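Note that the protein sequences, when read in sequence, are chains A and B. Read in the working numbering, the first sequence has 190 at position 190, and its numbers run on one by one without any break. Read in the working numbering, the second sequence has 41 at position 41, and its numbers run on one by one without any break.
Protein chains: 2
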Amino acid sequence: MKILILGGDGFLGWPTAMHLSQAGHEVLIVDNYLRRRLCLEQSVSPLFPVPDLGRRVQLWREITGLSIEARIGDLSDWSFISSVMQGFVPDALVHYAEQPAAPYSMLNRHAAALTLQNNLMATLNVIYGVREFAPACHIVKLGTMGEYGTPNIDIEEGWLEIEHKGRTDKFLYPRQAGSLYHTTKIMDTDMLWLYARVWKIRVTDLMQGPVYGLETYENAGHEELYSFLNYDEIFGTVLNRFIVQAVAGYPLTVYGAGGQTRGFLNIKDTLNCIELAIRTPAEPGQLRIFNQFTETFSVNGLADKVASVGRQMGLSVEIKSIANPRKEAEDHRYIAAHTGLLDLGLEPHVLTDERLADIIRLVMRYKDRIDPNQFLRNIKWA
Amino acid sequence: MKILILGGDGFLGWPTAMHLSQAGHEVLIVDNYLRRRLCLEQSVSPLFPVPDLGRRVQLWREITGLSIEARIGDLSDWSFISSVMQGFVPDALVHYAEQPAAPYSMLNRHAAALTLQNNLMATLNVIYGVREFAPACHIVKLGTMGEYGTPNIDIEEGWLEIEHKGRTDKFLYPRQAGSLYHTTKIMDTDMLWLYARVWKIRVTDLMQGPVYGLETYENAGHEELYSFLNYDEIFGTVLNRFIVQAVAGYPLTVYGAGGQTRGFLNIKDTLNCIELAIRTPAEPGQLRIFNQFTETFSVNGLADKVASVGRQMGLSVEIKSIANPRKEAEDHRYIAAHTGLLDLGLEPHVLTDERLADIIRLVMRYKDRIDPNQFLRNIKWA
Numbered sequence: 001m002k003i004l005i006l007g008g009d010g011f012l013g014w015p016t017a018m019h020l021s022q023a024g025h026e027v028l029i030v031d032n033y034l035r036r037r038l039c040l041e042q043s044v045s046p047l048f049p050v051p052d053l054g055r056r057v058q059l060w061r062e063i064t065g066l067s068i069e070a071r072i073g074d075l076s077d078w079s080f081i082s083s084v085m086q087g088f089v090p091d092a093l094v095h096y097a098e099q100p101a102a103p104y105s106m107l108n109r110h111a112a113a114l115t116l117q118n119n120l121m122a123t124l125n126v127i128y129g130v131r132e133f134a135p136a137c138h139i140v141k142l143g144t145m146g147e148y149g150t151p152n153i154d155i156e157e158g159w160l161e162i163e164h165k166g167r168t169d170k171f172l173y174p175r176q177a178g179s180l181y182h183t184t185k186i187m188d189t190d191m192l193w194l195y196a197r198v199w200k201i202r203v204t205d206l207m208q209g210p211v212y213g214l215e216t217y218e219n220a221g222h223e224e225l226y227s228f229l230n231y232d233e234i235f236g237t238v239l240n241r242f243i244v245q246a247v248a249g250y251p252l253t254v255y256g257a258g259g260q261t262r263g264f265l266n267i268k269d270t271l272n273c274i275e276l277a278i279r280t281p282a283e284p285g286q287l288r289i290f291n292q293f294t295e296t297f298s299v300n301g302l303a304d305k306v307a308s309v310g311r312q313m314g315l316s317v318e319i320k321s322i323a324n325p326r327k328e329a330e331d332h333r334y335i336a337a338h339t340g341l342l343d344l345g346l347e348p349h350v351l352t353d354e355r356l357a358d359i360i361r362l363v364m365r366y367k368d369r370i371d372p373n374q375f376l377r378n379i380k381w382a
Numbered sequence: 001m002k003i004l005i006l007g008g009d010g011f012l013g014w015p016t017a018m019h020l021s022q023a024g025h026e027v028l029i030v031d032n033y034l035r036r037r038l039c040l041e042q043s044v045s046p047l048f049p050v051p052d053l054g055r056r057v058q059l060w061r062e063i064t065g066l067s068i069e070a071r072i073g074d075l076s077d078w079s080f081i082s083s084v085m086q087g088f089v090p091d092a093l094v095h096y097a098e099q100p101a102a103p104y105s106m107l108n109r110h111a112a113a114l115t116l117q118n119n120l121m122a123t124l125n126v127i128y129g130v131r132e133f134a135p136a137c138h139i140v141k142l143g144t145m146g147e148y149g150t151p152n153i154d155i156e157e158g159w160l161e162i163e164h165k166g167r168t169d170k171f172l173y174p175r176q177a178g179s180l181y182h183t184t185k186i187m188d189t190d191m192l193w194l195y196a197r198v199w200k201i202r203v204t205d206l207m208q209g210p211v212y213g214l215e216t217y218e219n220a221g222h223e224e225l226y227s228f229l230n231y232d233e234i235f236g237t238v239l240n241r242f243i244v245q246a247v248a249g250y251p252l253t254v255y256g257a258g259g260q261t262r263g264f265l266n267i268k269d270t271l272n273c274i275e276l277a278i279r280t281p282a283e284p285g286q287l288r289i290f291n292q293f294t295e296t297f298s299v300n301g302l303a304d305k306v307a308s309v310g311r312q313m314g315l316s317v318e319i320k321s322i323a324n325p326r327k328e329a330e331d332h333r334y335i336a337a338h339t340g341l342l343d344l345g346l347e348p349h350v351l352t353d354e355r356l357a358d359i360i361r362l363v364m365r366y367k368d369r370i371d372p373n374q375f376l377r378n379i380k381w382a
């Protein structure tokens, strides 16, 4: 299959490109290096340097003999994306090309406008690109579990049958998110659903939880092929951040009461989910939604796990609650369905102590590079 | 009160400005003439010329002795809106400043991108402007009944209590719209709700139905103060369009089966609704939603009404069904609550035969100006 990876330089984009290339697909990456530029702007950097796409593509060819193509350009520029779509005509595309950080989206007006503009224009142009140049292309879009917020009823998988005054109808599950970043993902879902109905585009929208881990099937043993490991409060995901804090001997910073509960998954499961979604595409006119996570943890639960495994490995780990910079429920119900991807064949890599120890060991190799000034950036929601 | 009218050049913006000025408020208008430019781009024009804001403000002063200020500028330009907010510090603002036409939003990629960009950036900048320069300002935002679509259950007023597996929670009523324009209004609602929760801004979001009529309390007898009367398929609302078609001896063009049902209101009721909303502001942190219409009609029902009244006035009126250019249900349930504004004191101007005849008479004065080429523009949803 010809597969286009939008945002293919990113934390998940690059591992996905390698994974699908290894599986025998013809892979074209597009990226505008937005994440790299925003990290520079905010003076944060990953734990170790990540080569640019030109170099990574070259390394990939040297190691595997397989070829991935990469083009640098901005998806909000129609002349760029239309030429890509017209030239490549993908069978499927994976759309990761969004400003990925909730805290960044709440930083100031400039960052909010960039998030809104980048994320929605990319999605609109992807939809038009498919419509005009590759109408059979299956759009695999990365959404977020954060679209649902933390409701007092069970979270279902994308849709909800509602009974009201003796009548029923089926709707997109009511969404309300806790940051502008998450809200742009709700907007993406609304837009994809509109055009699925009107133009019969085929869409899989993956409501993904926070991802942890770094090593995948393809990059194991090749550190230059590792993804960004951000451990700052802006671009770092919580478990990866806790691990780096534990290794640095810095207290694990829990926001507020720490009862915030989310669905998590290992980076390897992300790759498998994407591959499963591509293998069984959505039908024309279908907006298929999966909740993409394997286990739920509270922030306290994660901190305890890292502390316990870290201490077994000889680290001195403390946990410290700090004032919550976000506006969010710190103690809430969280029961969320996630059977769709299991039904397609997903075999979860759950967070065992050994897997956690593997990630900790990996980070320990870079202990000297950790800059504790990056952990907290003091981005307040209000 | 100091009231800012965003989009104050528009079909409803200008009448609102006059109405609130007459009521004794200090009114500042902002507009970038987008609607005028888009009409020019699409080669459609209102039934009679509408003077620019400078001239209208001058006329208003001559007639009433009251002063309305107008500034021309683009709300997606932060330096402009921030200087306006900082200088004026409104007590309330009415946000009409959006690309207003569903068919335009479905025209092509350029028009879709403009709609998305204009509408969402205006709303984001309004929110930031309030946050930074006028935190107590009450935002009165024009949404649309089209946000709800045509569900199989009753449409409630903005919110829905949902019971699911024995538990309940209250959500924004699930929304799914039929065009990108309507979808941007859903996105606006999502964004306003986010910042109402996070920053405690005060918002009234008015889910308005299609408006008909032209004469208001303030412009009666002063034709230069009338609003745009577009009768083309892009910018004209359905009842106004039918009336112009009837006067021109052109068949009333009903899309498809004509069972499409919506909630309508007289332009005078729009003005009263806005005034009522301003008089009783939303609380800090509240997103208050009203369904703003007074009666429901099907398209067939409206066509029959225009035909019947028109024939009594000696017009020869035909009704003709044409292939529906939109993707929409043509025969559906439509039961929508609309008690919030009645509770605040709204006294509806229902569509009596006499009121309809008044509008028809007004249009007859301009019969010679009607250009039948404007009725159909062949903008297809798919």
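Note that CB positions come from ideal geometry on N, CA and C, so glycine has one too. These numbers come from a predicted model, not from an experiment.
Would you mind giving the Cβ-Cβ distance between Leu362(B) and Leu302(B), rounded to the nearest angstrom? I have them listed as a contact below 8 Å.
-> 17 Å between Cβ atoms; not a contact.
Determine the burial state of Arg175(B): buried for a count of at least 16 other Cβ atoms within 10 Å of its Cβ, exposed for fewer.
-> buried
Ala282(B) and Val203(B) closer than 8 Å at C-beta = yes
Give me the Cα-Cα distance between Phe242(A) and Thr270(A), rounded to the nearest whole angstrom.
-> 20 Å
Residues sharing a beta bridge with Val254(A), DSSP | Ser321(A)
Would Ile162(A) count as contacting chain B if we go by Cβ distances under 8 Å?
-> yes
In angstroms with no decimal places, state the Cα-to-Cα distance between Asn230(B) and Arg279(A).
-> 50 Å
Whole runs of the beta strand (DSSP E) within the region 65-109 of chain B, excluding any shorter than 3 residues = 68-72 and 92-95
contact_flag[the region 30-46 of chain B, the region 248-258 of chain B] where n(CB pairs < 8 Å) is 3 or more | no
Tell me, which residues are paired with Ala336(B) by DSSP?
-> Ile155(B)
Assign His19(A) to one of three DSSP states: helix, strand, or coil.
-> helix
Could you list the residues in the region 147-158 of chain B with a C-beta less than 7 Å from some C-beta on chain A, going in chain order?
-> Pro151, Asn152, Ile153 and Asp154
8 Å CB neighbourhood of Met191(A) in its chain, flanking five on each side removed | Leu120, Thr123, Leu124 and Ile127
Which residues, taken in chain order from the region 188-202 of chain B, show a beta carbon closer than 7 Å to some beta carbon of chain A?
-> Asp190, Met191, Trp193, Leu194, Arg197, Val198 and Trp199
Say whether the region 214-234 of chain A touches the region 146-163 of chain A, bearing in mind that this needs 3 or more beta-carbon pairs closer than 8 Å, one atom from each stretch.
-> no
Would Ile322(B) be called buried (16 or more neighbouring beta carbons within 10 Å of its own) or exposed?
-> exposed
7 Å Cβ shell around Tyr33(B) - same chain, five flanking residues per side excluded = Asp9 and Ile72
Relative to the alpha-carbon of Gly166(A), which residue among His19(B), Ile153(B), Lys170(B) and Glu157(B) has its alpha-carbon at the smallest distance?
-> Ile153(B)
Is Glu215(B) near Ala177(B), with beta carbons less than 8 Å apart?
-> no
Integer Cβ distance of Arg384(B) from Ile201(B), believed to fall under 8 Å | Here chain B comprises residues numbered 1 to 382, so residue 384(B) is not present and cannot be evaluated.
Assign Met121(A) to one of three DSSP states: helix, strand, or coil.
-> helix
Going by CA-CA distance only, name the one from Val140(A), Arg56(A), Gly285(A) and Ser179(A) that's closest to Lys380(A).
-> Ser179(A)
Mind listing the chain A neighbours of Arg167(B)? Cutoff is C-beta to C-beta under 7 Å, in chain order.
-> Asn152 and Ile153
Beta-carbon proximity list for Pro372(A), same chain, < 7 Å, skipping 5 on both sides | Ala248 and Tyr250
Assign Leu342(B) to buried or exposed, taking buried as 16 or more other Cβ atoms, counted over all protein chains shown, within 10 Å of its Cβ.
-> exposed
In chain order, what residues of the same chain have a beta carbon less than 8 Å from the beta carbon of Ile63(B), not counting five sequence neighbours either side?
-> His222 and Leu225
Looking at the C-beta of Ile327(B), does it have a partner C-beta in chain A at a distance below 8 Å?
-> The sequence given here has Lys at residue 327(B), not Ile. Yes, Lys327(B) lies at the interface with chain A (some Cβ there is under 8 Å from its Cβ).
Would you kindly work out how many angstroms separate the C-alpha atoms of Ser67(A) and Phe297(A), rounded to a whole number?
-> 38 Å
Expressed to the nearest angstrom, what Euclidean distance is found between the alpha-carbon atoms of Ile267(B) and Pro210(B)?
-> 9 Å
Residue-chain proximity (Thr296(B), chain A), Cβ-Cβ < 8 Å = no
Cross-chain neighbours of Phe80(A) in chain B, by beta carbon under 9 Å | None at all; the shortest Cβ gap to chain B is about 13 Å.
For His138(B), the residue or residues it bridges with in DSSP = Ala92(B) and Arg202(B)
Say whether chain A places a C-beta atom closer than 8 Å to the C-beta of Pro384(B).
-> In this structure chain B extends from 1 to 382, so residue 384(B) is not present and cannot be described.
Compare the C-beta of Tyr255(B) with all C-beta atoms of chain A and state if any pair is closer than 8 Å.
-> no
Check whether the Cβ atoms of Gly263(B) and His338(B) lie closer than 8 Å to each other.
-> yes
Burial state of Glu347(A) (16 or more Cβ within 10 Å) = exposed
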